[in-house]
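Peer 1: Here it is, the structure, as C-alpha cells.
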Amino acid sequence: MPVQLHDYLKIAEKDKDLPKVIAYNRIDGPGSSLDLSEFQQTFWRIPDINDDLTKLPLKNDLSSKWTPNDSPASKWTAKLPRTVGITIDTGTKIEAHPFDPDLIGVKSVEYKTEVIATPGDVIPVSGNWLLKIMEIFNIKGVMFVLKNLKEGIQSSGLGGSSTATIGVCILANELAGRPFSKIQLISLASRIEQSFGVSITGTQEQSNVIFGGVTDYVWFPWGKPGHSSTGYGESMRFELLPPEDYELLENRTAIFHSGHPRLSSEVNLTWRNALMTEAGYRLHSKKINVAYQFREGLRLKNWKRVLESIDEYRRIRTKLCEGYMENSKDILERAQNYKCTAFPLGAGGGGGILLFSSEPESLEALCEDLKGLYREIPFKILSKGHEISNI
-12 MPVQLHDYLK
-2 IAEKDKDLPK
8 VIAYNRIDGP
18 GSSLDLSEFQ
28 QTFWRIPDIN
38 DDLTKLPLKN
48 DLSSKWTPND
58 SPASKWTAKL
68 PRTVGITIDT
78 GTKIEAHPFD
88 PDLIGVKSVE
98 YKTEVIATPG
108 DVIPVSGNWL
118 LKIMEIFNIK
128 GVMFVLKNLK
138 EGIQSSGLGG
148 SSTATIGVCI
158 LANELAGRPF
168 SKIQLISLAS
178 RIEQSFGVSI
188 TGTQEQSNVI
198 FGGVTDYVWF
208 PWGKPGHSST
218 GYGESMRFEL
228 LPPEDYELLE
238 NRTAIFHSGH
248 PRLSSEVNLT
258 WRNALMTEAG
268 YRLHSKKINV
278 AYQFREGLRL
288 KNWKRVLESI
298 DEYRRIRTKL
308 CEGYMENSKD
318 ILERAQNYKC
328 TAFPLGAGGG
338 GGILLFSSEP
348 ESLEALCEDL
358 KGLYREIPFK
368 ILSKGHEISN
378 I
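Position one of the sequence shown corresponds to residue -12 (this note's numbering), numbered consecutively onward.
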C-alpha cells in the first residue's frame, strides 16, 4: 500500500511546518578514493591478527565508549581501506511539499530543474535518480524541493550530488516510517547514484551525511567478519576529534574555489582504469598507509603529520591522473610559498581546493594573498551530518 502524503503535507504547509532534512557536505582528504567499491574490494584483506575476529572491537561507533581492550590507534586496521570525512556547514536543504496525489516530483532550485512521474513508471535514466529513490520508498503525493545552503558552489568537490542523494533517502525513509537502517540507506544512495550514471561514487559522502563529525571510516565491503550482516557492506567508525577541538582544525584549514568546476566522474574513471595496470595498482596501494598517517595526524593533533600526508596523497593522485591538478597549480604554488599545502577536493581538476597549514598564521597570510583572485568558501565543522525537522 503506497504511503499517501498529500493530505498530511497540505496540513503541514498550512501550519508552515513542512518536513525537511538538511544534509551537510564534507571535506575529504587522503584516502578519499578508497571508498569506491573497486578499491574497497581490491585492497581489503582479513587483518593479520592473533585474536578471534568475532572478539574484535568491530561494534564501536560514535556512540560507543572505549573499553580497555580498544586501541585508539587501531593499528590492526592500518592496512585496510579507509577514509576520513570532515562535516562542514555547507550542503542541501530538502523539503517535502504537497503535490498531486497520484504523482511524485523532485525540484532543484539551484539547477532550475524539475522532474515528475507516476510511481511505478519511473524510467531508470540519470535524470530520474532521485525520483527512483522516492519510488523505492512507495510514497506519493509529494514533491521534494532541493536548495543549496550556499549559492554558486556546484561541482566544488564537497560531495554535492551524493549529499543530495543520501538526503533524499533520509527524508523518504522518515516519511515512509523508517523501513531501512542507516547502513542500508548508505548502500541505496551510493548504488543508485553510480548505477544510474550520475557519478562514480563510493560510500564516504553518504556515510558522513549519516554519521557526521571528524570521522575515520574503515571499510568492510561485505560486512564485518564474524558479525551478522546484510551484505551491503559496512564501516567501522572512530571520532578523531571531539567538537571542543574543532577550532584547532578550523584555524589550519580553508577552502577556495578555483573557478573551474569539473565533473568528478572524469577523474574517478581515470583512477579506476589505472587500478587495472601494474604501475597504477602499486601507486594506488600506497594510499592505504598515507590515509592511516592522515588519520593519526588528526587524532594526535600532529599537524605536521597531517600536512605531510596531504602532500604525499596529492603526489600519488597526480601521478595517476595528470588532470587532477588542472586549474589548481597556481593555488598550490602560492600555498607552498607560505609553507602551506593545497589539496583539490573530490576528484579534483578544479572546483574546491582545501588549503592546510600546520601554523595558523601562515594560512592566514595565504588567504589574504588569495582574496580577490579566488572565491573563499567559509565553513564551520559540524558534529552531525544531517538534521531532520517536522517529521
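We put the beta carbon where it would ideally sit given N, CA and C, even for glycine.
Note that the structure is predicted; figures quoted are calculated from it, not measured.
1. Using the Cβ count rule (16 or more neighbours within 10 Å means buried), how would you classify G128?
2. Taking a contact to mean a Cβ-Cβ separation below 8 Å, would you say A10 touches I81 in this structure?
3. With distances taken from CA atoms, which of M312, I368, K274, A261 is nearest E295?
4. Excluding sequence positions up to five away, which residues of its chain have a Cβ less than 7 Å from the Cβ of A322?
5. Take every Cβ of the segment 164 to 182, pair it with every Cβ of the segment 217 to 231, and state whether three or more of those distances are shorter than 8 Å.
6. Can you give me the C-alpha to C-alpha distance between L49 and Y204, rounded to a whole angstrom?
7. Between E363 and A241, which are expected to be in contact by the criterion C-beta below 8 Å, what is the C-beta distance as a whole number of angstroms?
8. Taking 7 Å as the limit between beta carbons, can you name the residues of its chain near K(-3), skipping five residues before and five after?
9. Excluding sequence positions up to five away, which residues of its chain have a Cβ less than 6 Å from the Cβ of D4?
10. Answer yes if the segment 186 to 199 comes into contact with the segment 7 to 25, meaning at least three C-beta pairs across the two stretches below 8 Å, and no otherwise.
11. Go through its chain and collect everything with a Cβ distance to Q181's Cβ below 7 Å, but skip five positions before and after it.
12. With DSSP as the reference, please indicate the residues paired to I303 in a beta bridge.
13. Please say whether T70 and W116 have beta carbons closer to each other than 8 Å?
14. Go ahead and label T105 buried or exposed: buried means 16 or more other beta carbons lie within 10 angstroms of its beta carbon, across all protein chains shown.
15. Using the beta-carbon count (16 or more within 10 Å), is G164 buried or exposed?
16. Confirm, please, whether the CB-CB distance from N12 to L145 is below 8 Å.
17. Can you give me the start and stop residues for the beta strand (DSSP E) that T240 sits inside?
18. Taking the beta strand (DSSP E) that M(-12) belongs to, which residues open and close that run?
19. Taking only three categories from DSSP, how would you classify P347?
20. Can the beta-carbon of G200 be found closer than 8 Å to that of S370?
21. Which residues does DSSP list as the beta-bridge partners of R69?
22. Can you check whether the CB of G154 is closer than 8 Å to the CB of V8?
23. For the structure I just gave you, are there three or more beta carbon pairs, one from the segment 271 to 290 and one from the segment 222 to 234, closer than 8 Å?
24. Just reading off the alpha helix (DSSP H) that L175 is part of, what are its end residues?
25. Excluding the 5 residues flanking S51 on each side, which residues of the same chain have their C-beta closer than 6 Å to its C-beta?
26. Hey, how far is the Cα of D317 from the Cα of G72?
27. Pick from P88, Q(-9), I340: whose alpha carbon is nearest that of E313?
28. Just mark P88 as buried or exposed, buried being the case when its beta carbon has 16 or more other beta carbons within 10 Å.
29. For H271, which option in A83, H244, C308, H214 has the closest C-alpha, if you only look at C-alpha atoms?
30. Any heavy atom of the ligand ZN closer than 7 Å to the Cβ of F198?
31. What residues in its chain sit with their C-beta under 6 Å from that of T305, if we drop five residues either side in the sequence?
32. What residue range does the alpha helix (DSSP H) around G154 cover?
33. Mark M121 as exposed unless 16 or more other C-beta atoms lie within 10 angstroms of its C-beta, in which case mark it buried.
34. Could you check whether E97 and K134 sit closer than 8 Å to each other, using their CB atoms as the reference points?
35. Starting from K134, trace the beta strand (DSSP E) in both directions and tell me its first and last residue.
36. By DSSP, does L40 sit in helix, in strand, or in coil?
Peer 2: On the basis of the data shown:
1. Taking all protein chains shown into account, G128 has 16 or more neighbouring C-beta atoms within 10 Å of its C-beta and is therefore buried.
2. Taking 8 Å as the cut-off, the Cβ atoms of A10 and I81 count as close.
3. Of the candidates M312, I368, K274, A261, K274 places its Cα closest to the Cα of E295.
4. Cβ neighbours of A322 beyond the five flanking positions: T328, A329, L342, L353.
5. Output reads yes: the segment 217 to 231 touches the segment 164 to 182.
6. Caution is warranted here: a pLDDT of 37 is assigned to L49, below 50, making its placement in the model unreliable, and the coordinate value is therefore given only provisionally. Each residue's alpha carbon lies about 11 Å from the other.
7. Indeed, because the Cβ distance is near 7 Å, the residues count as touching under 8 Å.
8. Cβ neighbours of K(-3) beyond the five flanking positions: P85.
9. A distance below 6 Å between beta-carbons, with the five flanking residues on each side excluded, links D4 to the following residues of its chain, in chain order: N377.
10. Touching, per the Cβ criterion.
11. For Q181, where only same-chain residues beyond five positions count, the Cβ hits under 7 Å are I187, T188.
12. According to DSSP, which records beta bridges pairwise, I303 is partnered with nothing at all.
13. In this structure, W116 sits away from T70, with a CB-CB distance that is not shorter than 8 Å.
14. Classification for T105: exposed.
15. That one is exposed.
16. Yes, Cβ-Cβ distance for L145 and N12 is below 8 Å.
17. 240 to 244 is the extent of the beta strand (DSSP E) around T240.
18. Element bounds for M(-12): n/a, residue is neither H nor E.
19. Look at P347 here: in three-state DSSP terms it is helix.
20. Yes, they are a contact pair.
21. Residue pairing from DSSP places R69 in a beta bridge opposite V205.
22. Contact flag set, yes.
23. In this structure the segment 271 to 290 touches the segment 222 to 234; the number of beta carbon pairs closer than 8 Å is three or more.
24. In the DSSP assignment, L175 falls within the unbroken alpha helix (DSSP H) covering 169 to 182.
25. Interpretation of S51 is limited by its pLDDT of 40, a score under 50 that renders its predicted location unreliable; no figure is taken from the coordinates.
26. D317 and G72 have their C-alpha atoms some 26 Å from each other.
27. That would be I340, whose Cα lies nearest to the Cα of E313.
28. Its Cβ having fewer than 16 others within 10 Å, P88 is exposed.
29. Checked all of A83, H244, C308, H214; the closest Cα to H271 is C308.
30. Summarising the ligand content, the structure contains no ligands, and the ligand ZN is consequently not present.
31. Closer than 6 Å at Cβ, skipping near neighbours: Y311, M312.
32. Counting along the chain, the alpha helix (DSSP H) containing G154 begins and ends at 147 to 162.
33. By the C-beta density criterion, M121 is buried, having at least 16 other C-beta atoms within 10 angstroms.
34. If you check the CB distance, K134 and E97 come in under 8 Å.
35. For K134, the enclosing beta strand (DSSP E) stretches over residues 129 to 135.
36. With a pLDDT of only 47 at L40, under the threshold of 50, the placement of this residue in the model should not be trusted; the figure read from the coordinates follows. In the structure shown, L40 sits in a helix (DSSP, three-state: H, G or I).
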